[in-house]
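Quick note: the sequence shown uses full-length UniProt numbering, first residue 1, plus one each step.
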Amino acid sequence: ALEEIINLEVWLNKYNPLRGSSYIDLPPVIKQKHAIINVHNTDNRCFMWAVLSALYPIPDRCLHASRCQKYEPYISTLDFTGIEFPVKLKDVPKFEKLNGLSINVYGLTENNNVYPLVITKEEKSRHIDLMYLTNASSSHYAWIKHLSRLLSRLYSKYK
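Have a look at this one:
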């Protein structure tokens, strides 16, 4: 039997998983690459808008690809069973299975370097690359339309 406790330390941490929520503007250096479609949403469904913008792209000559209204007719084509908004990074694989998609999610460092957050186990014919943006109070998903364009010059030896 336990007779005495000389010293006891208890440390508690609150787990707060990363999740995308509402619109965040792109950093200027990223915006000028024209590689990301950043749907301007006011709700916490930026993941849905980013995926829809990838699956139902607006022609390049159209200036309104960042408007939610362009993608509203397609909302019912996605299955979000058991997925809560805002979508957590850990729920991306579950969403992939529900919808027959493959999704990679990338983040940005403070110096605007791109790094992987979620990499799919198997790339499918319907593949999507997403950017996960964060600021002090929020986070946001956007569709990476041109990954090679986004990465060019960031990692080129010819800067």
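C-beta: ideal position from N, C-alpha, C; glycine also. In this text the structure is predicted, and so the values were computed from the model without any measurement.
| Asked | Found |
| --- | --- |
| C-alpha distance - residue 68 paired with residue 31, whole-angstrom precision | 19 Å |
| Proximity below 7 Å, CB of residue 35 to CB of residue 127 | no |
| For residue 142, the residue or residues it bridges with in DSSP | 131 |
| Within 7 Å, strictly: CB atoms of residue 38 and residue 55 | no |
| Outcome for residue 141 when other beta-carbon atoms lying within 10 angstroms are tallied against a minimum of 16 | buried |
| Extent of the continuous alpha helix (DSSP H) run through residue 147 | 147-151 |
| Sequence-distant residues of the same chain with beta carbon closer than 7 Å to residue 79, five excluded per side | 98 and 99 |
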